[in-house]
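To keep things clear, I will list the structure first and then write my remarks on it.
Number of protein chains: 2
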Amino acid sequence: MGIPQPSLNRLPQYHHYLNQLKAKGINTVSCSLIGLDLNLVPVQIRKDLQYTGIVGKPKTGYAVAELIAAIETFLGWNNVQEAFLVGAGNLGTALLGHERFSTFGLRIVAAFDTDPEKIGQWIHGKMVLPLEKLADLAKRMSIHLGIITAPAECAQWIAEKMVSGGIQAIWNFAPVRLNVPPEIIVHNEDLYSSLASLSWKLAQRFNIPFQQDGGSN
Amino acid sequence: MGIPQPSLNRLPQYHHYLNQLKAKGINTVSCSLIGLDLNLVPVQIRKDLQYTGIVGKPKTGYAVAELIAAIETFLGWNNVQEAFLVGAGNLGTALLGHERFSTFGLRIVAAFDTDPEKIGQWIHGKMVLPLEKLADLAKRMSIHLGIITAPAECAQWIAEKMVSGGIQAIWNFAPVRLNVPPEIIVHNEDLYSSLASLSWKLAQRFNIPFQQDGGSN
DNA sequence: CATATCTCGATATTTTTTTATCGATATCCA
DNA sequence: TGGATATCGATAAAAAAATATCGAGATATG
Numbered sequence: 116m117g118i119p120q121p122s123l124n125r126l127p128q129y130h131h132y133l134n135q136l137k138a139k140g141i142n143t144v145s146c147s148l149i150g151l152d153l154n155l156v157p158v159q160i161r162k163d164l165q166y167t168g169i170v171g172k173p174k175t176g177y178a179v180a181e182l183i184a185a186i187e188t189f190l191g192w193n194n195v196q197e198a199f200l201v202g203a204g205n206l207g208t209a210l211l212g213h214e215r216f217s218t219f220g221l222r223i224v225a226a227f228d229t230d231p232e233k234i235g236q237w238i239h240g241k242m243v244l245p246l247e248k249l250a251d252l253a254k255r256m257s258i259h260l261g262i263i264t265a266p267a268e269c270a271q272w273i274a275e276k277m278v279s280g281g282i283q284a285i286w287n288f289a290p291v292r293l294n295v296p297p298e299i300i301v302h303n304e305d306l307y308s309s310l311a312s313l314s315w316k317l318a319q320r321f322n323i324p325f326q327q328d329g330g331s332n
Numbered sequence: 116m117g118i119p120q121p122s123l124n125r126l127p128q129y130h131h132y133l134n135q136l137k138a139k140g141i142n143t144v145s146c147s148l149i150g151l152d153l154n155l156v157p158v159q160i161r162k163d164l165q166y167t168g169i170v171g172k173p174k175t176g177y178a179v180a181e182l183i184a185a186i187e188t189f190l191g192w193n194n195v196q197e198a199f200l201v202g203a204g205n206l207g208t209a210l211l212g213h214e215r216f217s218t219f220g221l222r223i224v225a226a227f228d229t230d231p232e233k234i235g236q237w238i239h240g241k242m243v244l245p246l247e248k249l250a251d252l253a254k255r256m257s258i259h260l261g262i263i264t265a266p267a268e269c270a271q272w273i274a275e276k277m278v279s280g281g282i283q284a285i286w287n288f289a290p291v292r293l294n295v296p297p298e299i300i301v302h303n304e305d306l307y308s309s310l311a312s313l314s315w316k317l318a319q320r321f322n323i324p325f326q327q328d329g330g331s332n
């Protein structure tokens, strides 16, 4: 893997924080400061940042701009990936509207759906196309990334269309495990899974009110 | 913590899978089978399930229905939490429309916004109210869960309103770290963070095409 | 009814991730 | 200019999570 998954997940957090610093005109930052603001121990931050290849200066810390650039380069955020999105429902529409994705290396170039009502519409400047055209278009436009925001029932079928169109990575918002060839990168964004931790913690709070662990994480 | 975070995150995956089995009329399941379908090693599944308190039978495995119930009880999904959502934009609308949340212990009862255009509208059967009313209503209705789907700039301010209204847990979709009292449970749902792993893996794929690790996870 | 096989649950081991420690070095201040 | 201090980077230790192993019990089969 090269970098631990948890470190990978923290990098965008640093990225966001550093951009705030930059906006405030702060040019240099230490792990101690980041840790103070982000509630993490400095050593961990230092280790995470080391994966990006950045080097800091003792006593001073890191150059904010350099650090931002290092994270972006490391994550591949400076060469923008074009993506197709399938499922122009509520969630799909939300993602299509997220203009800020382009700052994070993602540009959704078209949406697909099977609903005749939706096909032909423009959502946030992107045309909704019939799903049958996906594979062919993906090939011709060399699209490597697909986003599934369709209902769980259709997800597998959509994934197969994506794969047949040469798509290499799928960002899947449907709560199903996709069955695809092993070389395809699948990232599941399961809101229910996320909700689970929250419910559990909340349930704990109300069932065992005397044992308040106070962790905000 | 009681249960490791990764285990907690896997439980909904099992839950979903088990429901599929149930729908197919399968009454009993072993960890080996789950593992085969979900691409996990049986021991890990067994350990995860043990946290829910379920006991299986050698040779047979677990009773599907019992197992589903055990997970739901463990996660607190059978006593539904009512929640307020703030930010009736694209993402907020998407979440308001997710009727299935109620199956997972979550019922969004009202939406809030500051935009006069939105206030008074009904979105998926939920009224959009002015944000000023949040704290008071939360108190009166004993709402313990808040969902933030507003822009990053407003998130901190919204969080404070929630806290003042007695809300105990916040599901935060804005990409900012919220500054709240330590006893408040905050769960950040950062799409950019999620995107990071995906971008990184995709970048790896295109930069080092000869080192195909083939991991679909 | 005995034996082979499967799977659980518990314990042990390995791996991964987090946290601690320490010497080296850059900056600040007297 | 010299010493105090903060912070990095590297190495080491600790904690957490994943995986392996094994005995015991349940079911099927001959």
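So the protein lines, in turn, are chains A and B.
The first sequence maps to residues 116 to 332 in this note's numbering.
The second sequence maps to residues 116 to 332 in this note's numbering.
Just so it is clear, CB atoms sit at the ideal spot from N, CA and C, and this is done for glycine as well.
None of these values were measured; they are calculated from a predicted model.
For B:Y177, the closest Cβ of chain A is not nearer than 8 Å.
Short of 6 Å from the beta carbon of B:G212, and not among the five residues preceding or following it, lie these beta carbons of its own chain, in chain order: H239. Secondary structure note for B:W315: its alpha helix (DSSP H) is the uninterrupted segment L306 to N322. B:A289 sits close to B:A267, with the two beta carbons spaced by under 8 Å. In this structure, the alpha-carbon of A:P231 lies about 8 Å from that of A:P245. Taking a C-beta distance under 8 Å as the contact criterion, A:R125 and A:C146 do not qualify as a contact pair. Against B:F219, the close residues of chain A are Y307, L310, A311 and S314, in the order they occur along the chain (beta-carbon pairs closer than 8 Å).
In this chain, the alpha helix (DSSP H) harbouring A:P127 covers Q120 to A138. Across the segment 279–290 of chain B, CB contacts with chain A closer than 8 Å involve Q283, A284, W286 and P290, in sequence order along the chain. Annotation for B:I282: F199, A253, I258, H259, L260, G261 and I299 place their beta carbon closer than 8 Å to its own, counting only its chain and skipping 5 residues before and after.
Taking the Cα positions, A:E197 is about 34 Å away from B:F227. No Cβ-Cβ contact shorter than 8 Å links A:I118 with A:Y177.
If only complete runs of 4 or more residues are kept, the segment 136–175 of chain A shows the alpha helix (DSSP H) at 146–153 and 157–165, in order along the chain. Residues of chain B with a Cβ closer than 9 Å to the Cβ of A:G202 do not exist, since the nearest Cβ in that chain sits about 11 Å away. CA-CA distance, A:N303 to A:N294, rounds to 12 Å. Taking the CA atoms as reference points, B:D163 sits about 19 Å from A:V291. If only complete runs of 3 or more residues are kept, the segment 224–277 of chain A shows the beta strand (DSSP E) at 241–245 and 260–263, in order along the chain.
Within chain A, no C-beta atom comes less than 8 Å from the C-beta of B:R161; the nearest is roughly 19 Å away.
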